[in-house]
Amino acid sequence: MHQNGVYPSGFTFSSVLNACGRVPAIFEGKQVHARLVQSGCFGMKIVQTALLDMYAKFGCVIDARYVFDRMGDKDVVTWTAMIRGYAKVGMMVEAQWLFDNMGERDNFTLTTMVAGYANKGDMKAAKELYDGMDERDAVSSIAMIAGYGKFGDVSEARRIFDAIPMPRNASTYAAMLACYAQNGYANEAIDMYKEMRQVKIKITEVAMAGAMSACAQLRDIRMSKTLTDHLDEGCCERTHIVSSALIHMHSKCGNINLARREFGSMNYRDVYAYSAMVAAFAEHGNSHDAIDLFSKMQKQGLKPNHVTFVSVLNACSSSGLMEEGCRFFQIMTEVYDIDPLPQHYACMVDMLGRAGQLERAYSIIKENAYKTDATTWSSLLAGCRIYGNVELGEIAARHLFEIDPEDSGNYVLLANTYASKAKWECAEEVKMMMSEKGMIKPSGYSWIQMHGKSLLSINSIAKKPDPNDAVATARWLVSQNFWGVLSTISADLGGAPFGNVVSFSDGLPNKGKGIPYFYLTTLDPTAKNGLKDPKASFTVSEYPLGTCGKIDPENPTCSKITLSGKLKLVDQKSKEARFAKYALFSKHSEMKDWPKDHNFQVFKLEIENIFLIDWFGGPKPITVKQYLLSKS
1 MHQNGVYPSG FTFSSVLNAC GRVPAIFEGK QVHARLVQSG CFGMKIVQTA
51 LLDMYAKFGC VIDARYVFDR MGDKDVVTWT AMIRGYAKVG MMVEAQWLFD
101 NMGERDNFTL TTMVAGYANK GDMKAAKELY DGMDERDAVS SIAMIAGYGK
151 FGDVSEARRI FDAIPMPRNA STYAAMLACY AQNGYANEAI DMYKEMRQVK
201 IKITEVAMAG AMSACAQLRD IRMSKTLTDH LDEGCCERTH IVSSALIHMH
251 SKCGNINLAR REFGSMNYRD VYAYSAMVAA FAEHGNSHDA IDLFSKMQKQ
301 GLKPNHVTFV SVLNACSSSG LMEEGCRFFQ IMTEVYDIDP LPQHYACMVD
351 MLGRAGQLER AYSIIKENAY KTDATTWSSL LAGCRIYGNV ELGEIAARHL
401 FEIDPEDSGN YVLLANTYAS KAKWECAEEV KMMMSEKGMI KPSGYSWIQM
451 HGKSLLSINS IAKKPDPNDA VATARWLVSQ NFWGVLSTIS ADLGGAPFGN
501 VVSFSDGLPN KGKGIPYFYL TTLDPTAKNG LKDPKASFTV SEYPLGTCGK
551 IDPENPTCSK ITLSGKLKLV DQKSKEARFA KYALFSKHSE MKDWPKDHNF
601 QVFKLEIENI FLIDWFGGPK PITVKQYLLS KS
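So, in structure tokens, the structure goes:
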């Protein structure tokens with residue numbers, strides 16, 4: 001237009017500014033700002049509103065406020081745009097001042113404030129505004145779900161989701177799915193993805209990336225193939241975000257070649273794609289490939305982020321490339337001006353510890369004490385165990401016991417450090433401390449598939465005892481199982497029997513005490529019933545363990561046990577309660593995140609009668625004394 005001698009109108013300027021805000025193109029937008037000042041159109045409200053809106057979208061609050069303060073007639077759109085700018089950069093004090101002092105407000109203004117507080121993490125303020133809205137739109141609900149998800153309150157996020165009237169849109173489903181995935185509720189995330197497919201909700205890139213993240217957490221090879229097939233069928237656009245998630249999923253599911261192929265097929269690779277591939281190489285032990293790709297990324301002019309450096313430092317650590325790792329750490333801080341996070345210091349301590357540079361590793365911790373965490377100290381303690389540095393190991397252990405006194409792994413590491421220098425008495429003292437605290441040595445775990453779900457199997461299932469040994473079989477059933485049916489006398493149904501499937505634990509597999517412990521809330525009828533009438537029975541079956549083969553679960557050769565007695569509330573401050581929680585959380589890690597306001601408490605079954613069915617001929621009675629004296 002300028003080349004042809006045509007001068008743009010205010011409408012033209014506003015259209016171009018709106019386009020700059022959508023692209024985004026802040027540099028070009030500022031050039032347009034300069035032109036419109038020269039043109040004399042700056043005083044037009046349509047231009048000022050578009051300019052303010054553009055700056056607000058980019059979070060350029062100083063520029064936006066400059067325009068805002070020079071506007072004469074400010075309407076609700078103008079005020080809301082300025083509030084959005086402050087909210088975008090987390091300046092909620094300034095946003096609240098504008099909100100309090102503006103005249104007319106609309107639903108979009110309230111949504112902007114809700115999203116601002118939710119993004120900042122002030123969920124109390126966000127909820128207060130959200131609850132006061134006459135009409136809650138999808139944007140405000142999504143902001144609340146994302147806010148609760150960001151800070152780990154999955155139950156509140158789900159409450160918001162369930163309250164959204166049907167039909168829910170794709171973005172709402174995607175927000176809840178992402179909330180599940182980022183908080184470790186992987187099976188729930190996959191279930192929500194399947195629900196979206198079933199009700200024919202469009203799969204967005206956020207939903208697909210969330211489902212892939214969940215699949216990666218589960219190491220679910222079958223589901224990874226399903227998601228890849230859906231993507232190949234065109235259910236979702238293959239954006240760089242989706243491709244990066246796909247690389248991560250293939251890597252976690254053990255297929256580095258598919259991850260490499262996806263990376264190679266990408267037309268556009270951003271820092272997230274490179275970071276995902278560097279992490280994949282590092283995880284699979286291809287350290288030199290990880291370092292080479294990192295160097296290629298630098299040559300492409302891309303700036304590595306925190307995640308990229310964690311991956312490349314891990315690659316150096318696992319391969320013993322200490323000097324190379326130290327060089328990358330220096331590049332991170334000096335070349336890219338990235339402030340190290342605890343994860344970076346943990347990588348450095350781990351790398352130096354593996355190389356025997358324990359004093360150097362300890363110096364890093366001392367110099368950056370406010371940025372170190374349990375992982376950093378644990379890495380130092382692991383190095384001390386390898387090289388038998390008892391003195392430094394004791395220092396690391398003391399800090400770990402202060403940070404997380406319930407983590408038995410730290411005690412085991414210290415005991416092994418003593419043992420490496422033949423300090424047997426000290427090692428025994430640590431084991432005694434664990435025993436007094438009701439701790440159990442942690443076991444390894446693997447993932448199993450059951451009815452389309454990926455379940456955590458601790459240490460795998462121990463071999464079933466001889467069928468002729470009824471007592472050993474009974475203890476084996478209780479020790480190895482995760483779930484059972486707890487039956488009580490109903491307080492609300494006129495004393496009728498009431499059965500409910502519940503999670504339980506008697507300890508870790510092969511370390512159980514035989515007494516079933518439960519984590520129940522009085523919001524659940526089972527706990528309520530037990531507190532009124534303690535009579536209860538508990539039944540577990542061999543079938544969920546997968547050791548019955550293809551026979552029907554009702555077949556008597558598929559063992560079942562019923563324990564009856566009294567359901568008792570355990571003193572929540574006792575050593576027994578600490579042991580029970582550790583045993584329960586070790587088998588059911590999601591329990592730790594159950595809603596705090598639901599008042600979950602530890603219960604146990606005081607056993608009075610035991611009956612086993614493990615062959616033909618009816619139930620076999622077992623005495624409580626025989627049962628408790630047997631080893632699981």
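In full-length UniProt numbering, the protein residues as written are 1 to 632.
Beta carbons are placed, not taken as given, at the ideal position from N, Cα and C, and that holds for glycine.
Q) Shortest alpha-carbon distance to Glu554 belongs to which of Gly618, Asp466, Phe498, Pro516? A) Among Gly618, Asp466, Phe498, Pro516, the Cα nearest to that of Glu554 is on Gly618.
(Q) Buried or exposed for Thr112, going by 16 or more other Cβ atoms inside 10 Å? (A) buried
Q: Go through its chain and collect everything with a Cβ distance to Ala355's Cβ below 7 Å, but skip five positions before and after it.
A: Gly320, Met322
Q) Counting Cβ pairs closer than 8 Å, one from the region 584–600 and one from the region 495–507, do we hit at least three? A) Because the criterion of three Cβ pairs below 8 Å is met, the region 584–600 and the region 495–507 touch.
**Q.** Rounded C-alpha distance that separates Thr239 from Lys299
**A.** Between the alpha carbons of Thr239 and Lys299 lies a distance of about 23 Å.
**Q.** Trp476 in three-state terms, based on DSSP
**A.** helix
Q | DSSP state of Glu104 mapped onto helix, strand, coil | A | coil
Q: Give me the Cβ distance between Leu605 and Pro497, rounded to the nearest whole Å; I'm assuming they're in contact under 8 Å.
A: Not quite, the Cβ-Cβ distance comes to about 16 Å (not below 8 Å), so this is no contact.
(Q) Once DSSP output is grouped into helix, strand and coil, what is the label at Gln300? (A) coil
Q.
Once DSSP output is grouped into helix, strand and coil, what is the label at Ile83?
A. helix
Q: Inspect the beta-carbon positions of Leu400 and Ala374 and report whether they are closer than 9 Å.
A: Yes, Cβ-Cβ distance for Leu400 and Ala374 is below 9 Å.
Q) Are the beta-carbon atoms of Ala216 and Leu177 separated by less than 9 Å? A) no
Q) Roughly how many angstroms separate the alpha carbons of Gly409 and Phe579, rounded to a whole number? A) 15 Å
Q.
Check whether chain B comes within 9 Å of Ala580, counting only Cβ atoms and requiring the distance to be less than that.
A. This model lacks chain B altogether; it includes just one protein chain.
Q: Any chance you could list the alpha helix (DSSP H) runs of at least 4 consecutive residues sitting entirely within the region 392–426, in chain order?
A: 408–420
Q: Would you decide whether Gln330 is buried or exposed? Buried here means 16 or more other CB atoms lie within 10 Å of its CB.
A: exposed
Q) Under three-state DSSP, which class holds Ala536? A) strand
Q. In angstroms, rounded to a whole number, what distance separates the CA positions of Gly90 and Lys124?
A. 15 Å
Q. If we ignore side chains and look at the alpha-carbon of each, how far apart do Asp614 and Val485 end up?
A. One C-alpha to the other measures close to 18 Å.
Q: Below 6 Å CB to CB, which residues in the same chain sit around Ser244 once its five sequence neighbours on both sides are set aside?
A: Tyr272, Ala273, Ala276
Q) Around the Cβ of Trp594, are there at least 16 other Cβ atoms within 10 angstroms (buried) or fewer (exposed)? A) exposed
Q) So, is Asn529 buried or exposed, given that buried needs 16 or more other C-beta atoms within 10 angstroms? A) buried
Q. In chain order, what residues of the same chain have a beta carbon less than 8 Å from the beta carbon of Val478, not counting five sequence neighbours either side?
A. Asp506, Gly512, Gly514, Pro516, Val540, Ile561, Leu563, Ser632
Q) Which term fits His288, buried or exposed, when burial requires 16 or more other beta carbons within 10 angstroms of its beta carbon? A) exposed
Q.
If you reduce the DSSP assignment to three classes, tell me which class Phe603 lands in.
A. Here Phe603 sits in strand by DSSP.
Q) Are Gln48 and Val67 close, meaning C-beta to C-beta below 9 Å? A) yes
Q) Among all the DSSP beta bridges, which residues are the ones paired with Thr562? A) Thr539, Phe611
Q: Assign Asp162 to one of two classes, buried (16 or more other C-beta atoms within 10 Å of its C-beta) or exposed (fewer than that).
A: Label assigned to Asp162: exposed.
Q.
Taking the alpha-carbon of Arg105 as reference, which of Ala87, Ser141, Asp75 has the nearest alpha-carbon?
A. Scanning Ala87, Ser141, Asp75 for the CA closest to the CA of Arg105 turns up Asp75.
Q.
I'd like to check one pair, Ala397 with Thr372: are the Cβ atoms closer than 9 Å?
A. no
Q: Along the alpha helix (DSSP H) that carries Lys127, what are the first and last residues, could you check?
A: Lys127 -> alpha helix (DSSP H) spans 123–131.
Q) Going by the beta-carbon positions, is the gap between Tyr55 and Gly103 smaller than 9 Å? A) For Tyr55 and Gly103, no; Cβs fall outside 9 Å.
Q | Beta-bridge partners of Trp483, as assigned by DSSP | A | Ser503
Q | Reduced DSSP category for Pro497 - H, G, I as helix; E, B as strand; rest coil | A | strand
**Q.** Pairwise C-alpha distance: Thr547 and residue 640
**A.** The question about residue 640 has no answer, for the chain in this structure spans 1 to 632.
Q) In angstroms, rounded to a whole number, what distance separates the CA positions of His248 and Val602? A) Cα-Cα distance, rounded: 38 Å.
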